[in-house]
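In order, the protein sequence lines correspond to chains Y and F.
Take the first sequence: its position 292, counted from the start at 1, is 299 in this note's numbering, and no numbers get skipped.
Take the second sequence: its position 264, counted from the start at 1, is 335 in this note's numbering, and no numbers get skipped.
A quick write-up on the structure given underneath.
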Amino acid sequence: MNLAVDSPLWLWALPLALAPWFSAGMSASAYPWLALLPPDLPSLAVSVLLRVLAVGATAALVLGLAGLHQSGQTVERIGQGADIVLLLDRSNSMDNTFAGQAAQDGSEESKTAAARRLLADFTGQRQHDRIGLVEYSTSPLFVLPLTANKAAVQAAIAASRYPALAYTNVSKGLAMALDFFNAMETGGSRLILLISDGAAAIDKDSELLLRTAFKQRGVRLYWVFLRTAHSPGIFSQPADPRDDNAEAMPELYLHRFFQSLAIPYQAYEAENPGAMQQAIADINRLEHLPVHYFQQLPKKDLSAACYQWAAALLAVLLAAKLAEARL
Amino acid sequence: MPGSLIRDWRFWCLAVSWLLAVYVLTGPKIRQEQPVFRLIAIADITRSMNATDYQIHGKALSRLDFVKHSLQALAKKLPCQSELGLGVFTERRSTLLFEPIEVCSGYNEISAALEKLDWRMAWAADSRIAGGLLSTLEMLPKSNAGLLFMTDGHEAPPPNPRYKPDFSGVRNKHKGMIVGVGGLARVAIPKFNAKGQLEGVYGPDDVPHRSTFGESDLNPEAIQGYNARNAPFGNETVIGEEHLTQLHETYLQQLSVEAGLGYHRLTDVDALMQSLNTAGLAVTVRAESDQRWQPALAALLLLALVYCGLAFAAAF
Numbered sequence: 008m009n010l011a012v013d014s015p016l017w018l019w020a021l022p023l024a025l026a027p028w029f030s031a032g033m034s035a036s037a038y039p040w041l042a043l044l045p046p047d048l049p050s051l052a053v054s055v056l057l058r059v060l061a062v063g064a065t066a067a068l069v070l071g072l073a074g075l076h077q078s079g080q081t082v083e084r085i086g087q088g089a090d091i092v093l094l095l096d097r098s099n100s101m102d103n104t105f106a107g108q109a110a111q112d113g114s115e116e117s118k119t120a121a122a123r124r125l126l127a128d129f130t131g132q133r134q135h136d137r138i139g140l141v142e143y144s145t146s147p148l149f150v151l152p153l154t155a156n157k158a159a160v161q162a163a164i165a166a167s168r169y170p171a172l173a174y175t176n177v178s179k180g181l182a183m184a185l186d187f188f189n190a191m192e193t194g195g196s197r198l199i200l201l202i203s204d205g206a207a208a209i210d211k212d213s214e215l216l217l218r219t220a221f222k223q224r225g226v227r228l229y230w231v232f233l234r235t236a237h238s239p240g241i242f243s244q245p246a247d248p249r250d251d252n253a254e255a256m257p258e259l260y261l262h263r264f265f266q267s268l269a270i271p272y273q274a275y276e277a278e279n280p281g282a283m284q285q286a287i288a289d290i291n292r293l294e295h296l297p298v299h300y301f302q303q304l305p306k307k308d309l310s311a312a313c314y315q316w317a318a319a320l321l322a323v324l325l326a327a328k329l330a331e332a333r334l
Numbered sequence: 072m073p074g075s076l077i078r079d080w081r082f083w084c085l086a087v088s089w090l091l092a093v094y095v096l097t098g099p100k101i102r103q104e105q106p107v108f109r110l111i112a113i114a115d116i117t118r119s120m121n122a123t124d125y126q127i128h129g130k131a132l133s134r135l136d137f138v139k140h141s142l143q144a145l146a147k148k149l150p151c152q153s154e155l156g157l158g159v160f161t162e163r164r165s166t167l168l169f170e171p172i173e174v175c176s177g178y179n180e181i182s183a184a185l186e187k188l189d190w191r192m193a194w195a196a197d198s199r200i201a202g203g204l205l206s207t208l209e210m211l212p213k214s215n216a217g218l219l220f221m222t223d224g225h226e227a228p229p230p231n232p233r234y235k236p237d238f239s240g241v242r243n244k245h246k247g248m249i250v251g252v253g254g255l256a257r258v259a260i261p262k263f264n265a266k267g268q269l270e271g272v273y274g275p276d277d278v279p280h281r282s283t284f285g286e287s288d289l290n291p292e293a294i295q296g297y298n299a300r301n302a303p304f305g306n307e308t309v310i311g312e313e314h315l316t317q318l319h320e321t322y323l324q325q326l327s328v329e330a331g332l333g334y335h336r337l338t339d340v341d342a343l344m345q346s347l348n349t350a351g352l353a354v355t356v357r358a359e360s361d362q363r364w365q366p367a368l369a370a371l372l373l374l375a376l377v378y379c380g381l382a383f384a385a386a387f
């Protein structure tokens with residue numbers, strides 16, 4: 008349980024709560040000789056009680072003013088939920104249509120536009136997931152951390168409507184996406200959803216790093232490959248043995264690399280927005296397995312409770328005041 | 072003895088205090104006009120932004136780190152319902168990472184994204200600021216978002232005045248301002264190797280000191296060794312101070328006039344906030360604001376008076 012306040016400056020008023028220890032809050036009555044009174048335990052108890060009530064009322068008002076709240080509460084849940092990192096290709100070609108032409112107004116939508124539309128739908132349906140976003144082109148761009156803030160996720164997906172950037176450097180994008188799972192404490196479903204329309208050869212150094220990172224972090228990988236017409240796909244085999252290398256057929260080699268990782272991996276090749284929708288619906292279905300996860304609760308405001316206590320304590324004090332004997 | 076009760080000021084204090092506390096429980100709110108902002112901040116992530124000429128608590132900070140720090144502070148300071156979007160600029164254009172996100176509910180996300188801003192995000196080299204500003208203004212739709220273009224104005228390679236971007240198409244179409252980042256003294260630009268490790272600073276031989284694109288803006292007769300085809304910029308080696316960097320304030324001010332934007336030099340977040348207000352970037356919305364603190368404070372003071380009354384009386 009973590010208690011915190013919104014405006015700590017109010018807490019400077021807390022010493023006011025000490026005042027009742029020094030003053031009874033009653034008008035003094037003249038009495039000839041106090042020592043004449045016998046010590047009386049019930050009176051003492053009432054006197055202490057009234058002071059405690061006054062301390063409580065003052066403190067409750069101050070804490071209410073300061074905006075006391077509880078934060079950092081987590082509850083353990085079992086449900087449908089996953090940590091998903093969307094890894095979105097922002098290379099130039101993504102702004103072309105599936106037919107490989109520049110998207111024009113009114114014509115077929117571009118690959119980015121289709122991806123944006125379908126991802127917005129997909130993330131909208133995934134109510135219990137935390138979603139992060141990485142874009143990559145020549146270098147990776149960190150966009151959003153894993154978050155349950157759906158409005159933020161939609162704002163980030165919407166921003167891909169601006170023109171795409173440059174080249175396709177998939178290994179750096181993957182490395183950044185894997186970093187999202189670096190310091191995570193709990194288990195749960197972790198997956199990377201790679202959406203790209205091309206691939207690039209992965210150099211030996213990065214290959215090794217990616218291999219260990221995928222293994223250690225227990226990440227599942229989905230690759231939705233948006234295939235442009237008349238270009239090599241993930242599953243096409245080289246017609247000429249001289250083309251059987253990563254430079255000539257980066258898509259095939261990236262696919263082989265993913266297969267060799269010994270992690271749960273699924274590739275989809277989509278040649279039109281409909282096929283892409285199919286692939287995403289498939290992932291949506293597969294990822295509805297129950298998982299065990301911790302949910303962070305939003306902060307719980309306690310100022311209303313403070314004010315309720317203050318009102319109740321003040322009511323008792325007022326009643327005591329009404330019962331006060333006057334000489 | 073009701074008479075004496077009515078004369079007892081402590082009774083009245085307690086009674087009114089209690090009534091106020093009960094009133095607090097009803098959750099008093101007022102609807103009031105509140106200024107909110109919808110902003111898109113575009114941060115320059117070119118190399119000159121790595122120059123360290125800011126300080127916070129005695130610690131040297133790079134321009135980019137200071138931009139991140141300032142925007143995080145701004146996101147915290149903006150009233151709720153304000154929205155902040157983020158983008159980066161390099162080469163001759165910018166890209167948007169996310170559209171404006173509400174700052175109170177999305178502070179963690181905005182702050183994390185700012186934290187991760189890095190010069191290595193750049194998809195290409197070059198720092199063509201005027202061109203970048205123009206393409207940014209053309210790219211962003213005429214939304215109600217104000218633009219904060221945060222840069223030090225250090226163009227690399229240096230601009231050729233003959234080929235200035237024409238802002239007439241976008242002039243006064245957008246609200247916003249150029250935010251000048253950096254100090255006025257020339258400082259060195261840190262140089263990093265391929266692994267991102269610091270490797271000294273850029274020297275005079277590392278950078279071009281003049282534009283060599285197209286034709287020179289000078290009269291050919293004034294150019295040493297001029298040859299229209301082979302050496303339109305002459306044959307002299309130019310060694311300037313382009314490897315050092317400073318805030319090019321007059322240049323940015325001139326750009327801001329051409330683009331119909333405001334200009335602000337980044338110092339601290341309060342000054343930035345003030346500039347945002349005076350630049351008319353605020354939009355007024357009617358918002359409900361919690362007014363419980365007013366009766367609660369009055370109740371607290373009355374209650375305190377009951378117990379500190381004698382002390383007050385003694386003091387006066």
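The beta carbon of each residue, even a glycine, is placed where N, CA and C say it ideally should be.
Computed from a predicted model, the values in this text were never measured in an experiment.
For the stretch 95-107 of chain Y against the stretch 48-67 of chain Y, are there 3 or more C-beta pairs whose distance is under 8 Å? No, because fewer than three Cβ pairs between the stretch 95-107 of chain Y and the stretch 48-67 of chain Y fall closer than 8 Å, the two stretches do not touch.
Taking just the CA atoms, how far does F:Arg81 sit from Y:Phe29? Per the coordinates, the alpha-carbon of Y:Phe29 lies some 16 Å from the alpha-carbon of F:Arg81.
Under 8 Å, with one C-beta from each stretch per pair, do the stretch 278-287 of chain F and the stretch 132-140 of chain F reach the 3-pair mark? Touching, no, given that fewer than three Cβ pairs across the two stretches are closer than 8 Å.
Going by DSSP in three states, F:Ile111 sits in which element: helix, strand or coil? Secondary structure of F:Ile111 (DSSP, three-state): strand.
Reducing DSSP to helix, strand and coil, say where Y:Phe221 ends up. Y:Phe221: helix per DSSP, three-state reduction.
Tell me the rounded alpha-carbon separation between F:Thr207 and F:Arg363. Their backbone Cα atoms lie some 44 Å apart in a straight line.
Inter-stretch contact at 8 Å, needing at least 3 Cβ pairs: the stretch 105-114 of chain F / the stretch 147-156 of chain F: Verdict: yes, contact present.
For Y:Asn9, does the three-state DSSP call read helix, strand or coil? DSSP places Y:Asn9 within a strand segment (E or B) once states are collapsed to three.
Straight-line gap, F:Met72 to Y:Leu329 (C-alpha atoms, nearest Å): Residue placement at F:Met72 is poorly supported in this model, since its pLDDT is 47, which falls under 50; the coordinates still yield a value, given next. Each residue's Cα considered, the two are about 10 Å apart.
Pull up the CB-CB distance for F:Val159 and F:Leu168, whole angstroms please, since I reckon it's below 8 Å. At roughly 7 Å, the Cβ-Cβ gap stays under 8 Å, so F:Val159 and F:Leu168 are in contact.
Please report the residue range of the beta strand (DSSP E) in which F:Ala262 lies. Before going further, note that residue 262 of chain F is Lys rather than Ala in the sequence given. Segment 261-263, the beta strand (DSSP E) holding F:Lys262.
Grouping DSSP H, G and I as helix and E and B as strand, with all else coil, what is F:Phe169? Residue state, collapsed to three classes: strand.
Mind checking if F:Arg118 is an interface residue toward chain B, Cβ cutoff 8 Å exclusive? You won't find chain B in this structure, because its protein chains are Y and F.
Sequence ranges, beta strand (DSSP E) only - wholly within the stretch 245-300 of chain Y, length at least 3: 272-277, all fully within the stretch 245-300 of chain Y.
Report the option in Y:Gly63, Y:Ala322, Y:Met33, Y:Asp47 whose CA atom is closest to the CA atom of Y:Leu23. Ranking Y:Gly63, Y:Ala322, Y:Met33, Y:Asp47 by Cα distance to Y:Leu23 puts Y:Gly63 first.
Could you please give me the residues that DSSP links to Y:Ala158 through a beta bridge? Looking at the DSSP assignment, Y:Ala158 forms no beta bridge with any residue, so it has no partner.
Of all the options Y:Phe187, Y:Ala66, Y:Ser203, Y:Ala89, which has the alpha carbon lying nearest to the alpha carbon of Y:Ser98? Checked all of Y:Phe187, Y:Ala66, Y:Ser203, Y:Ala89; the closest Cα to Y:Ser98 is Y:Ser203.
For the candidate residues Y:Ala327, Y:Glu278, Y:Leu320, whose alpha-carbon lies nearest to that of Y:Glu116? Per the Cα distances, Y:Glu278.
Between the stretch 259-268 of chain Y and the stretch 229-242 of chain Y, do at least 3 Cβ pairs fall closer than 8 Å? They touch, by the three-pair rule.
CB Y:Leu72 to CB F:Ala367, shorter than 8 Å? Between Y:Leu72 and F:Ala367, the C-beta spacing is below 8 Å.
Is it buried or exposed, Y:Ser14, if we count other Cβ atoms within 10 angstroms and call 16 or more buried? When all chains shown are included, Y:Ser14 counts as exposed.
At a CB-CB cut-off below 7 Å, which residues of chain F make contact with Y:Ser146? Per Cβ cutoff of 7 Å: Arg191, Met192, Ala193, Trp194.
8 Å Cβ shell around Y:Val323 - same chain, five flanking residues per side excluded: The residues Leu60, in chain order, have a CB closer than 8 Å to that of Y:Val323 in the same chain once the five nearest residues on each side in sequence are set aside.
Which residues in chain Y have a C-beta closer than 7 Å to the C-beta of F:Leu218? List them in chain order. Ordered by position in chain Y, no residue passes the 7 Å Cβ test against F:Leu218, which lies about 13 Å from the chain.
Can you tell me which of the three DSSP states F:Leu204 falls into? Here F:Leu204 sits in helix by DSSP.
Given a cut-off of 8 Å on the beta-carbon distance, is the pair F:Ala256 and F:Gln317 in contact? In this structure, the beta-carbon distance from F:Ala256 to F:Gln317 falls below 8 Å.
Chain-ordered residues of the stretch 137-166 of chain Y with a beta carbon less than 7 Å from chain F: Those would be Ser144, Thr145, Ser146, Leu148, Phe149, Val150, Leu151, Pro152, Thr154, Asn156, Ala158, Ala159, Ala162, Ala163, Ala165, Ala166, in chain order.
Taking any Cβ of chain F, which residues in the stretch 115-137 of chain Y have a Cβ under 8 Å from it, in chain order? Of all residues in the stretch 115-137 of chain Y, none has a Cβ within less than 8 Å of some Cβ in chain F.
Just reading off the alpha helix (DSSP H) that Y:Leu321 is part of, what are its end residues? It spans 310-329 - the alpha helix (DSSP H) in which Y:Leu321 sits, taken as one unbroken run.
Among the residues of its own chain, which have a CB less than 6 Å from the CB of F:Tyr125, if the five just before and after it don't count? Cβ within range, chain order: Leu132, Phe137.
I need the straight-line Cα distance from Y:Asp212 to F:Asp223, nearest angstrom please. Across the structure, Y:Asp212 and F:Asp223 are spaced so that their CA atoms are roughly 36 Å apart.
Would you give the residue range spanned by the alpha helix (DSSP H) that F:Tyr273 belongs to? Run containing F:Tyr273: none; DSSP gives neither H nor E here.
Verify the CB distance criterion: does F:Ser176 have a CB-CB separation below 8 Å to chain Y? By this cut-off, F:Ser176 is an interface position.
In angstroms with no decimal places, state the Cα-to-Cα distance between F:Ala195 and Y:Tyr174. When rounded, the distance between both Cα atoms is 10 Å.
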